[in-house]
Amino acid sequence: MSSKIKLTPKDVLYISDVLNQFSAYNAEIADDLSSVKDKSLKQAMNCISDGFSEQFDTFKNILKEASR
């Protein structure tokens, strides 16, 4: 049995700010990715983008769980 996640309004505000930042950073990386020629740099940028996406999804799941 899992316990319900309880978030304060301030928690939700902080998570919302983080989600907005992840989204903005991911968009910047996507825009810059097309101009990068170095294969290792492109791979590193893709890895960073994947990390942002994974963290974004984790925070979204936390919000969904808390809203139940």
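Using numbering that gives the first Met the number 0, the first residue of the sequence shown is number 0, and each one after it goes up by one. In this text, a Cβ means the ideal position worked out from N, Cα and C, and glycines have one as well. Nothing here was measured: the structure is a model prediction, and the numbers come from that model.
Given this structure, state the Cα-to-Cα distance separating alanine 26 from alanine 43, to the nearest angstrom. 15 Å
Find out if the Cβ-Cβ distance for the pair isoleucine 4, glutamate 64 is shorter than 8 Å. yes
Taking the continuous alpha helix (DSSP H) assigned at threonine 57, which residues delimit it? 38-66
To the nearest whole angstrom, what separates the beta carbons of alanine 29 and serine 48, a pair I think is in contact under 8 Å? 7 Å
Assuming isoleucine 28 is part of the alpha helix (DSSP H), what are its boundary residues? 8-32
Write down the C-beta distance between serine 17 and phenylalanine 58 rounded to the nearest angstrom, noting that I regard them as a contact closer than 8 Å. The question names serine, but residue 17 is valine in the sequence shown. That belief holds up - the Cβ atoms of valine 17 and phenylalanine 58 are roughly 6 Å apart, short of 8 Å.
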